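Written out below as structure tokens is the structure these notes cover.
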Amino acid sequence: MVCQMASSTASFSFIHVFPRIPAKPKFHLKDLPGSGKRIDILCRGLAACFDWAPELISRTNIEYYAVLSDKITMKFTYSPECIGKGETWWASVIQRVLSGVNVDFCGKMDWNLETTMKSTTQDNFDLYVLDEKGTPIDTVLQHSNLSQNSFMVGDHRGFELDTRELLRDMNVQQVSLGETSYLGSHCIAQVISNYERISKS
0 MVCQMASSTA SFSFIHVFPR IPAKPKFHLK DLPGSGKRID ILCRGLAACF DWAPELISRT
60 NIEYYAVLSD KITMKFTYSP ECIGKGETWW ASVIQRVLSG VNVDFCGKMD WNLETTMKST
120 TQDNFDLYVL DEKGTPIDTV LQHSNLSQNS FMVGDHRGFE LDTRELLRDM NVQQVSLGET
180 SYLGSHCIAQ VISNYERISK S
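See below:
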């Protein structure tokens, strides 16, 4: 029943796949789309998780994984200092971490996408991939255990062939926000919004 949804304990993780963003800190903060190979989209994904004010889901129960060039995975968790800082601030954090600087709310692992996906499922998260042709996400949210859910999103070009093959091999269920394609940050915001709307109903 919907009334049993415990928003205080619901946990969400998002795996954002960036095959073209290099796993190096060599980009210019004044030219994030160009020099960073659309690293601005990554920064917006972070803002959607931690800075766009989810109401029912605690920010401390959200994790964001950015998989860069299928070589490095960056894991972000909530920190109060991230509120209201904007894309350039997020990019500077990414740059520092990729340069080897320790940041409390961001870790860097030598994980490719498959390792990141398996790590998520081993932590007992139900893994889904956002796709326009998938099952409507509200159906999934209403019938899942709603305690730990992980959603994969692609970059502005979608998923590459090898990623799609991996998704098939791992039998990851497709869920949909509708027939329209959105940037990853919008998808993340919509997942959070849909969960909170269902929780209130």
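Take numbering that gives the first Met the number 0: the last position of the sequence shown gets the number 200, and nothing is skipped along the way. Using N, Cα and C, we set each Cβ at its ideal position, and we do this for glycine too. Since the model is a prediction, treat every value here as computed from it, not as a measurement.
Item                                                                                                                                                                   : Value
Per the contact definition of three or more C-beta pairs closer than 8 angstroms, is the region 7 to 16 in contact with the region 150 to 163?                         : yes
Under the three-state reduction of DSSP, which class applies to residue 60: helix, strand or coil?                                                                     : helix
Under 8 angstroms, do residue 127 and residue 171 count as touching if we go by C-beta distance?                                                                       : yes
Tell whether a beta-carbon distance below 8 angstroms holds between residue 206 and residue 41.                                                                        : Residue numbering for the chain in the displayed model covers 0 to 200; residue 206 lies beyond these limits and cannot be assessed.
Name the one or two DSSP bridge partners that residue 135 has.                                                                                                         : 175
Going by DSSP in three states, residue 77 sits in which element: helix, strand or coil?                                                                                : coil
Indicate the three-state DSSP secondary structure (helix, strand or coil) for residue 122 in the structure shown.                                                      : coil
Within its chain, find whatever has a CB closer than 6 angstroms to the CB of residue 190; leave out the 5 residues flanking it on each side and keep chain order.     : 150
Cα separation between residue 169 and residue 66?                                                                                                                      : 17 angstroms
Ends of the alpha helix (DSSP H) at residue 49?                                                                                                                        : 38 to 49
Could you work out which residue in 24, 19, 23 and 80 is closest to residue 46 when comparing CA atoms only?                                                           : 80
Going along the chain, which residues of its own chain have a beta-carbon closer than 7 angstroms to the beta-carbon of residue 88, five neighbours each way excluded? : none
Quick test of your reading: residue 195 and residue 82, contact by CB under 8 angstroms. State the CB separation rounded to the nearest angstrom.                      : Not confirmed; about 19 angstroms, so no contact.
Give me the residue from 129, 147, 159 and 102 with the minimum Cα distance to residue 178.                                                                            : 129
Under three-state DSSP, which class holds residue 112?                                                                                                                 : helix
Taking residue 198 as part of the alpha helix (DSSP H), name the residues at either end of that continuous run.                                                        : 183 to 199
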